[in-house]
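First comes the structure, then the notes that go with it.
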Amino acid sequence: MPRRLPHTLRADAEDNRERVLEAARTLFSERGLDVPMRAIARQAGVGPATLYRRFPTKQALIEAAFSDELHACRTIVAEACADPDPWRGLCSFLLRTGELNARNQGFTEAFMTTFPDSFDFTAHRTAMLRSLADLCRRARNAGSLRTGVVLDDLLLMLMAGRGLSAATVDQRVAAARRFSALAVEALRGSGADAPLPPPARFVAGLFN
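For what it's worth, our numbering labels the leading residue of the sequence shown as 1272, then goes sequentially.
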């Protein structure tokens, strides 16, 4: 019996961790990142002390909850940038991240949030932004992306897509696909591009 106790405790601790992460993903998806930690603990069926023992800060919980989505986003960006046709790659990025955001509405907020104490999250985010900025430049140089469009405009579209709401995930995904398709047409270059207002800056100008 004494030999089984440590194993039982470890199994219980892992079960509590997974319940907390599942609760966090659910509430972040439904309500965004402002959900109180105590609400997450209640949803998970654990006490606040258990939650804070596994995740001492909300930042740590957010990073753990969105690790799968961050990996998926890195894959989307890498595949978009590897496409020899930069316009096709850009369209792929918008369509696929729009659907990712529809499935978990807290992801874009997490991606747009700066975590100064998290080297890994910040480094991955910076690398993805640099890659996307280069993809935008390539598409502009090819004449397929309208003049005046910068990286911040892609982030603006992701943020706008975050506002899509519907009763079910399937409805949100359908709305996200429609929104992304409309956004793609708005970005398409032509010989008669009307001037755009100045961009809203979400990232440092060195990316544009």
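All residues carry an ideal CB built from backbone N, CA and C; glycine is no exception.
Just so it is clear, the structure is predicted and the values come from calculations on it, not from any experiment.
| Query | Result |
| --- | --- |
| Own chain, CB closer than 8 Å to A1353, minus 5 neighbours either side, in chain order | G1360 |
| When E1301, I1347, L1292 are compared against Q1330, the one with the closest alpha-carbon | L1292 |
| Whole-angstrom distance between S1461 and A1335, CA atom to CA atom | 43 Å |
| C-beta contact flag for A1373 and V1444 at 7 Å | yes |
| According to DSSP, residues forming a beta bridge with L1332 | DSSP, once it has assigned bridges, lists no residue as partnering L1332. |
| Bridge partner(s) assigned by DSSP for L1416 | R1459 |
| Cβ-based neighbour list, E1370, same chain, cut-off 6 Å, excluding 5 preceding and 5 following | V1444, A1447 |
| Minimum C-alpha distance to F1473 - residue among L1426, S1451, D1339, C1362 | L1426 |
| Sequence-distant residues of the same chain with beta carbon closer than 7 Å to D1424, five excluded per side | P1470 |
| Within 7 Å, strictly: CB atoms of M1428 and V1348 | no |
| Length of the line joining the Cα atoms of L1422 and S1338 | 23 Å |
| A1315 versus T1328 - alpha carbon distance | 17 Å |
| Buried/exposed call for N1375, threshold 16 Cβ in 10 Å | buried |
| Beta-carbon separation (whole angstroms), S1363 vs E1350, contact threshold 8 Å | 7 Å |
| For G1419 and R1409, the rounded distance between their alpha carbons | 13 Å |
| Burial state of Q1442, where buried means 16 or more other Cβ atoms lie within 10 Å | exposed |
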